[in-house]
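Novice: Mapping the sequence shown onto the UniProt record's numbering, position 228 (from 1) lands on 228, and the numbers just tick up by one.
Just so you know, even glycine gets a beta-carbon here, dropped at the ideal spot from N, CA and C.
This is the structure I have questions about; it appears just below.
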Amino acid sequence: MKVKRILLIVLILAICINMSGCKGKKGFKKLFSKKDKDVEIIRSDEEELNITEEDGMRNTVVYFQNKQGFLVPIMRKLPWEEGIAKIAIKNMVDNPTLREDLSSTGLAPIIPAGTEIKGMTVDENTGICKVDFTNEFLNCESEKDEENLIKGVVYTLTEFPAIREVQIFVEGEAISSMKHGTQLGEILGRENINFVKKIEDARSKVVVYFKGDNDKDYEYFVPVTVPTLAPMPNILTALEELFQGPPEGMGLNSNIHEVVELQGVEVKEGIAYVNLSFNSMEEGKQKEVMEELHKAVGLTLSQFEEIGKFELLIDGKTLEEAGINFEYDESIPTFANEY
């Protein structure tokens, strides 16, 4: 009996030591494990966005920067292949072919030349995407370039419905700061794209869209984050900021704030009725003015999920009643820019 008891005690001790050893090994697991499996971004994720697919191509939003240092979202048709999120990032890496392709837009790549993706995983439960880059990722020329690089990668990846947040690694290691001083949080989300000014007592932020300053024929809209005194982001405040026009001297343009005034906005059953007035009705009959007005208002409203459509009113009247011949899509625009 004593022998059996001794053997039983030894067996229990051996099991405990073995379990302790297993826990110890797991504690040394690398932050970015090669055993993590890539999760494919499937087509069913895109149904809510009403994205059309033709000839195996996907309408995908990627980000570049202009000469003034603003990030610009551009919809491009990319081959729908396995690992579409990786393909999107690869299409932002600086190389001669891409620069030539973008030459007519006045835009430039944001990911340093030679950068490669070593791995990418998406947690299906949390929506966190881990992406591991090679050392070339760190080769930015300024702090502004670093900021645009990080935000551009995060915004591009979170355009995919399966991805909510992003964690960036370089050569398998998480990075907390970059060469020029840009600080990175552990988990990154969509926040403060093209932050343009500071208000000491700001309580909320809204995103408005202005036209970018460009010496090329290509016209594009720039999303700008504006701090406000409003307790929460709201539709009226966002439109008020839009019609105030862009801050001076920042390379942003607006042809509408000088000729149009916002009278108010009312939301009914998911439709925003935006009431405006023109300084002169002749200005309202100009196609260029109405096109910019329609696009800028629609894009600015796109940040509010409760809005599915919008209608422009002039002094409380429909455009037709006001004598303005301008047909437009009442749906909220899906893309700011296409190229």
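1) Can you give me the Cβ contacts of phenylalanine 310 inside the same chain, cut-off strictly under 8 angstroms, excluding the 5 residues immediately before and after it?
2) Which residues in the same chain as isoleucine 15 place their Cβ atom closer than 7 angstroms to its Cβ, once the five residues preceding and following it in sequence are excluded?
3) Report the rounded CA-to-CA distance for asparagine 292 versus leucine 188, giving the unit in angstroms.
4) Quick one: is serine 33 buried, meaning 16 or more other Cβ sit within 10 Å of its Cβ, or exposed?
5) How many angstroms separate the CA atom of lysine 205 from the CA atom of proline 79?
6) Might you give, ordered along the chain, the residues of its own chain that have their beta carbon closer than 6 angstroms to the beta carbon of phenylalanine 243, omitting 5 neighbours on each side?
7) Quick check on DSSP: helix, strand or coil for alanine 272?
8) Pair every Cβ in the region 158-167 with every Cβ in the region 186-200, then say whether three or more of these pairs are closer than 8 angstroms.
9) By a C-beta neighbour count over all protein chains shown, 10 Å radius and 16 as the cutoff for buried, is glutamate 321 buried or exposed?
10) Lysine 130: which of Glu143, Leu138, Ser104, Glu171 sits nearest, CA to CA?
11) What is the rounded straight-line gap between the Cα of leucine 276 and the Cα of leucine 229?
12) Can you list, in chain order, the residues of its chain with a C-beta nearer than 8 angstroms to that of glutamate 266? Leave out the 5 residues immediately preceding and following it.
13) Do the region 79-92 and the region 313-320 make contact, defined as three or more Cβ pairs closer than 8 angstroms?
14) Less than 8 angstroms separating the beta-carbons of methionine 250 and glutamine 65?
15) Are glutamate 136 and histidine 180 touching if we call contact CB-CB under 8 angstroms?
16) With DSSP run on the structure shown, which of helix, strand or coil describes phenylalanine 221?
17) With burial defined as no fewer than 16 other Cβ atoms inside 10 Å of the residue's Cβ, what is the status of arginine 43: buried or exposed?
18) Whose C-beta lies closer than 8 angstroms to the C-beta of tyrosine 209 among residues of the same chain, with five residues either side of it excluded?
19) Quick one: Cα of aspartate 217 to Cα of threonine 126, how far?
20) In the DSSP assignment, the alpha helix (DSSP H) including methionine 281 goes from what residue to what residue?
21) Which of the three DSSP states, helix, strand or coil, is assigned to methionine 120?
22) Please report how far the alpha carbon of leucine 138 lies from the alpha carbon of threonine 156, in whole angstroms.
23) DSSP three-state call for aspartate 36: helix, strand or coil?
24) So what does proline 227 bridge to, in DSSP terms?
25) Confirm, please, whether the CB-CB distance from glutamine 303 to valine 207 is below 8 angstroms.
26) How many whole angstroms separate the CB atoms of lysine 255 and valine 289, which I take to be in contact at a CB cut-off of 8 angstroms?
27) Report the CB separation of threonine 115 from threonine 97 in whole angstroms; it is logged as a contact under 8 angstroms.
28) Pull up the CB-CB distance for alanine 113 and asparagine 95, whole angstroms please, since I reckon it's below 8 angstroms.
29) Determine the DSSP secondary structure at alanine 88, reduced to helix, strand or coil.
30) Note the first and the last residue of the continuous alpha helix (DSSP H) segment covering leucine 98.
31) Just tell me which of Val260, Gly264, Asp215, Lys287 has its CA closest to the CA of asparagine 279.
Specialist: Judging by the given coordinates:
1) The answer, listed in chain order, is Ile271, Ala272, Tyr273, Val274, Val297, Gly298, Leu301, Glu330, Ile332.
2) Caution applies to isoleucine 15, whose pLDDT of 38 falls short of 50 and renders its modelled position unreliable; the model cannot decide the point.
3) The question names asparagine, yet the displayed sequence has glutamate at residue 292. Spanning the two alpha carbons is a distance of roughly 32 angstroms.
4) Confidence at serine 33 is low in this model, with a pLDDT of 45, below 50, so the placement of that residue should be treated as unreliable; the coordinate-derived value is given next. By the 10 Å Cβ count, serine 33 comes out exposed.
5) Roughly 35 angstroms separates the two Cα atoms.
6) If we look at phenylalanine 243 and ignore the five residues flanking it on each side, its Cβ neighbours are His257, Leu262.
7) strand
8) yes
9) exposed
10) Glu171
11) 23 angstroms
12) Ala272, Tyr273, Asn275
13) no
14) Taking 8 angstroms as the Cβ cut-off, methionine 250 and glutamine 65 do not qualify as a contacting pair.
15) no
16) strand
17) With a pLDDT of 35 at arginine 43, under the threshold of 50, the modelled position of that residue is not reliable, and the figure given next carries that caveat. In summary, arginine 43 is exposed, with fewer than 16 beta-carbon neighbours lying within 10 Å of its beta-carbon over all protein chains present.
18) Phe221, Val222, Pro223, Val224, Leu242, Lys295, Ala296, Leu299, Thr300, Ala336
19) 42 angstroms
20) 281-284
21) strand
22) If you take the alpha carbons of leucine 138 and threonine 156, they lie about 18 angstroms apart.
23) With a pLDDT of 48 at aspartate 36, under the threshold of 50, the modelled position of that residue is not reliable, and the figure given next carries that caveat. It is coil, neither helix nor strand.
24) Proline 227 is bridged to Lys205.
25) yes
26) The sequence shown places asparagine at residue 255, rather than the lysine named in the question. With 8 angstroms as the limit, asparagine 255 and valine 289 qualify as a contact, their Cβ atoms being about 6 angstroms apart.
27) The pair is not a contact, with the Cβ atoms about 15 angstroms apart (cut-off 8 angstroms).
28) 6 angstroms
29) helix
30) 96-102
31) Val260
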